[in-house]
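Below is one structure, written out as structure tokens; comments come after it.
Laid out in structure tokens, this is it:
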């Protein structure tokens with residue numbers, strides 16, 4: 717199976733942590749597909765805000781792509797992008813970090 721390298725900055729780790737925390741209902745189907753234990757492993761990696769670089773398989777890249785897209789959709793509903801989130805960052809900060817992550821996932825990895 718193909719792999720790809722994804723770099724998560726400190727801001728991206730925070731945005732991903734928020735994505736999993738704020739979108740539990742929306743991401744529930746993913747949890748059913750990949751299993752609760754794997755879902756926990758893939759989301760718990762963002763508990764630390766230290767920048768990380770990971771090599772992920774295609775199916776994991778797709779998983780992160782869906783989580784990123786879900787969070788971007790939620791953040792797009794925030795009327796004022798300068799509003800502070802529970803972590804202290806602005807919605808705009810998280811949107812930029814998530815868009816950067818989304819751009820790292822090569823087009824062939826994106827779900828249809």
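In my numbering, the protein residues as written are 717 to 828. Ideal Cβ positions, reconstructed from N, Cα and C, are used throughout, including at glycine.
> Which residue's Cα is closest to the Cα of residue 718: 743, 745, 775 and 739?
Replying inline: Start at 1 with the first residue of the chain shown, and residue 718 comes out as number 2. Of the candidates 743, 745, 775 and 739, the one whose C-alpha sits nearest the C-alpha of residue 718 is 775.
> If you drop the 5 nearest sequence neighbours on each side, which residues of the same chain put their C-beta closer than 8 Å to that of residue 786?
Replying inline: One-based indexing of the chain shown puts residue 786 at position 70. Excluding sequence neighbours, residue 786 sits near 735, 739, 742 and 743.
> To which residues of the same chain is residue 794 closer than 6 Å at the C-beta, ignoring the five residues directly before and after it?
Replying inline: Residue mapping note: residue 794 aligns to position 78 of the chain shown, counting from 1. For residue 794, where only same-chain residues beyond five positions count, the Cβ hits under 6 Å are 807.
> Near residue 797, which residues of its chain fall below 6 Å by C-beta distance, leaving aside the five closest residues on each side in sequence?
Replying inline: Taking the chain shown and counting its residues from 1, one reaches residue 797 at position 81. Same-chain partners within the cutoff: 807 and 808.
> Should residue 784 be labelled buried (16 or more other beta-carbon atoms within 10 Å of its own) or exposed?
Replying inline: Looking up residue 784 in the chain shown gives position 68. Under this definition residue 784 is a buried residue.
> Going by DSSP, what residues sit across from residue 719 in a beta bridge?
Replying inline: Here residue 719 is taken as the residue at index 3 of the chain shown, counted from 1. For residue 719, which the question treats as bridged, DSSP gives the partners 773.
>> My parser needs the alpha helix (DSSP H) runs of 4 or more residues fully inside the stretch 726-766; what are they?
In response: 726-738, 740-750 and 752-760
> In whole angstroms, what separates the C-alpha of residue 762 from that of residue 781?
Replying inline: As a working mapping, residue 762 is identified with position 46 in the chain shown. As a working mapping, residue 781 is identified with position 65 in the chain shown. Taking the straight line joining both Cα atoms gives about 15 Å.
> When you compare each of 723, 810, 728 and 766 to residue 790 by their alpha carbons, which one comes out closest?
Replying inline: Locating residue 790 in the chain shown gives position 74, where the first residue counts as 1. Of the candidates 723, 810, 728 and 766, the one whose C-alpha sits nearest the C-alpha of residue 790 is 810.
> Helix, strand or coil: how does DSSP classify residue 825 here?
Replying inline: Walking along the chain shown from the start, residue 825 turns up at place 109. The predicted model places residue 825 with a pLDDT of 49, which falls under 50 and marks its position as unreliable, so this point remains unresolved.
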